[in-house]
Each structure stands twice: as structure tokens, then as C-alpha cells.
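So the structure is just underneath, and the comments pick up after that.
Protein chains in written order, with the working numbering: chain A, 1 to 240; chain B, 1001 to 1240.
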């Protein structure tokens, strides 16, 4: 089946978590909004009265007749089909639980630069962003990294879900990439205490399909419109 | 099977979404942290090195050998087992997608009073809270309500997922209850434009098991420690 992925054309954003799974598996998929008239197709699915089960927001995936929104839900669906998740229920639920924790983490990263409103410019909420980012780098960032380090340590396997690479491992790779871009100083301090997480990141980066994707034109660069943004004044390092 | 639900004892919080499903179905379940020494059991599951698949945070559910965390994941698991979700994949994914949208909404409600950090008191972030809450009541609240109103209108059924009541309907009921407590002025203005959502709320409230639960001592009252908090200065109404 050819999957259709709908997401904003100019940023990695939440869509990237789905892309990494599709790319790592060498799946056949189309980026609809990046094509000519693709944005019109995306808007239609979001706004047309004829769509009975509309998404609240991108990304969403068309898979045959299904339209599936919410990043973690898309990955829950794709995981076993792409060979990137266990097929039995206990493993699927565990992987999904971790993915939802990553989703919470992503929302917190976004709110470091938009703590008041997504509809306002960063410049209109800089003061608030500074306070929130300071809390993020000193408390939340280590808390999330510690959690994933613990999961890798406790379950004694090479990946978060098991010994086979899962879509959750790909998503943790993406978190590290994004956090390095947004908070290089804070991450430099954190990485040495989270060696299992970093080793997993490195193993993911070396996977053949993924490595090819990362150097292709399909992989957008991080930029100041996405979730991970680099504002030096927000990256004061982890001072505590 | 007797389910075990783990959540903070003094608040409705995210645990309430799981409770409503268990109560509506008349399921056999135990609130572990509310019992004697229950908090110790909860901490052990969060912190013990012996737990191979630790939750990041409460709530979590023990179901036999499984420990399932993340509210939407708990409901995804419970839904079909409690007769509160379709059994086939398309319907389950659709319901879950809606539940994840509710989870995003819940996080935004929380951040109206804690826009800087969960670890700081409200009084330490009042100025930021005021700005965030103003954006929430004027933009985000109507956006979410419009979305669920649209879903009910477009799919032409009595519930969000189908004609049978689902756990997503129970969660939307809880959103309305919480929002009425936290933002009575803003909600008074919003409700008249969202009659399908309110009608669904009322149908849910009249369900026999749920109605009995809501007047029981098991239903905690909303309070100023939970997700939905009433600070009159944050409820300026929807001025736009």
C-alpha cells in the first residue's frame, strides 16, 4: 500500500516522527502537502463538511480508506505493519506508552519558545519563554532523559521496546537530534549522564535506510519555524 | 478481573478519565493509592529498579501482569473490554485519536494556571498565567469545542465514535464538567454555540452507573490542586 502523509511542508515538526518510521522501513509513501496543490488537499481533509472523521490538526496519514491523526496513533498503526513494533498486545501497549511520553516531551519543548500562545510570535512572549526554558533545561530535560536511560538500563535490551529496533527508538533519536539543535549547551552537559540513550541514538543513525534518508533532500533542516528552535538566550545550560 | 488504578489520592486529575470508564461499566477495580499504604505501592512501581517497564507518571493501571500508563493508553486498553469502544481497528483508532486530542486539551487547561513550571506555585507564575488563560479562553477553548461539535454534527450519530456511548464521550463529559468549574464565565458564553456537545454531556450524566458514581463519595470534588482550578482572575470570559 502507498501511504499518504499530510503535514506542513516547511518543517520537520511532529510529522518527522512518522517520516522516520516510513523511511527506516523503506515504505512507499507520498508527502501530499509538499506536492503541487498539496496544501489544498490537506485543508480539504481538515475543513470539508464531507469528511466524517476529521483530524484536529496535522500530521495525519491516509492508509487506504483510513485517515489517522495524532502522531502517536499513526505510529501505533504503522509500527507492526512496518516491522517496527511487536505484534502482540503487551509489547504494543508498552511501546505506545513510551511514545505518548515522548509526545508530552515534544509539547514541553514547543512551549519553551511559546509558553503563552502558539498564535503569538516568539518575540511577543520572550520574557515568559525565558522562565519556562530555564525550568525545562534544569528540571524537565534531565527528568525525561533519566527516565529513558532508566528504561534502557532496567529492561536490559538494546532498544526501548525490545532487542529489535522499534519506532520508539527512532523517535528518541529524533528527540536527541532536535534537543542538540535547540539546546546545545544544556545537552552537552546532559549527554555524559545518559550514555545508553546516546548509544541508542548512534545505533539508530547508522541504520542503512535511515542514514540514507538523513543526508537526502527529503530530510528538512531544523529551522526557526519548527518545534525545536535555537534561541541562544533560552539555552542557558543546566545550571542546577 | 479486578483492575488496580494508581493515581494521586486527593484530586480527580487525569485519573478521573479512567475512573469514569470503570465506573460507567460497573467494573471491579481498586484505587490503590487511596488505600492504607497505597502511596508506598505507587512509589514502588514508579521507582523500583525491579520494575522493568516503569511508568513515567500516574495514572497507571494494573491489569493482571500488565502495567499500563498514559491515560489515553489505559482507555485504549479498557475500552473494548468494558463495552465502551468498538472492537474493530478503524473504530478503535478513531476513538483513540479523539482521546489524544482531549489529552492535548487537558494539558492546555493545566498550563493556564501553570504556564512556566509544574514545580512552581501558581502564585509564582500569576502574570504568565493571566496571559495564557486569556489566550486559552478566547482562542483555544472555542477551537476545541468547535472541533467536537463538528465531529458530532458530521458523523450524524449520537456519540463521538458511534451510536453507542464510548469512553471518549465520558471524557468529553468530564471536560465540560471541569471547564464549568474552572471557567464559568467563559463557558456560559461558549455553551450556547455548542449544543451538541452539551446534549452529549447531559446524556452521559444521566447514565445510571455514572449518575450513581457522581453523587457517591468516590467522586472527589474539583479543587485547587487538580487540573481544573477556579481562579476568577483567569476566567475573564471569551471577550473576542
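Where is the CB? At the ideal position from N, CA and C, for every residue including glycine.
If you check the CB distance, residue 101(A) and residue 1097(B) do not come in under 8 Å. The C-alpha of residue 1208(B) is placed about 48 Å away from the C-alpha of residue 25(A). DSSP links residue 56(A) through a beta bridge to no other residue. A distance below 8 Å separates the beta carbons of residue 68(A) and residue 1093(B). Nearest CB-CB separation between residue 1005(B) and chain A: not below the 8 Å threshold. The three-state reading of DSSP puts residue 1062(B) in strand, counting E and B together. Distance from residue 1042(B) to residue 1054(B) at the Cβ level is roughly 12 Å; contact not present, criterion being Cβ atoms closer than 8 Å.
If you look at residue 1004(B), you'll find it in the beta strand (DSSP E) that goes 1003–1006. The Cβ atoms of residue 200(A) and residue 172(A) lie closer than 8 Å to each other.
No Cβ of chain B is located within less than 8 Å of the beta carbon of residue 45(A). Residues of chain B with a Cβ closer than 7 Å to the Cβ of residue 97(A) are, in chain order, 1068, 1069, 1070, 1073. Taking all protein chains in view, the Cβ of residue 1027(B) is crowded by 16 or more other Cβ atoms within 10 Å, so the residue is classified as buried. Excluding the 5 residues flanking it on each side, residue 1002(B) has same chain C-beta neighbours closer than 7 Å at 1028, 1029, 1030, in chain order. Contact holds between the region 1127–1139 of chain B and the region 117–133 of chain A, because three or more Cβ pairs, one in each stretch, are under 8 Å apart. Between residue 110(A) and residue 231(A), the C-beta gap is not smaller than 8 Å, which leaves the two residues out of contact. Taken atom to atom, the span from the alpha-carbon of residue 155(A) to that of residue 1061(B) is near 20 Å.
Listed along the chain, the chain B residues whose CB falls inside 8 Å of the CB of residue 116(A) are 1115, 1128, 1131, 1132, 1135. In the structure shown, the three-state DSSP call for residue 1030(B) is strand. Closer than 8 Å to the CB of residue 1139(B) there is at least one CB belonging to chain A. Looking from the CA of residue 13(A), the closest CA among 45(A), 211(A), 103(A) belongs to 103(A).
For residue 1196(B), the closest C-alpha among the options 1040(B), 1145(B), 1162(B), 1216(B) is that of 1145(B). Within chain B, no residue has its CB atom less than 8 Å from the CB of residue 190(A), the nearest being about 17 Å off.
Chain A has no Cβ within less than 8 Å of the Cβ of residue 1182(B).
In chain order, 104, 107 make up the part of chain A whose C-beta sits under 8 Å from the C-beta of residue 1107(B). By the CB criterion at 8 Å, residue 134(A) and residue 236(A) fall inside the cutoff. Taking the beta carbon of residue 1100(B) as reference, the chain A residues within 7 Å of it are 70, 72, 73, listed in sequence order.
Taking 8 Å as the cut-off, the beta carbon of residue 175(A) is found closer than this to the beta carbon of residue 105(A). One Cα belongs to residue 1020(B), the other to residue 1005(B), and the distance between them is close to 12 Å. Cα atoms of residue 1099(B) and residue 1076(B): separation of roughly 9 Å, rounded to the nearest angstrom.
Residue state for residue 69(A) is assigned as strand, using DSSP reduced to three classes.
Scanning 182(A), 85(A), 220(A), 90(A) for the CA closest to the CA of residue 169(A) turns up 85(A). DSSP, reduced to helix, strand and coil, places residue 1204(B) within a helical segment of the structure shown. Distances from the CA of residue 153(A) to each of 117(A), 194(A), 164(A), 116(A) were compared; the closest alpha carbon is that of 194(A).
Counting the other CB atoms within 10 Å of its CB gives residue 118(A) a total below 16, which places it among the exposed residues. Shown here, residue 1169(B) sits in a helix according to DSSP, grouped into three states.
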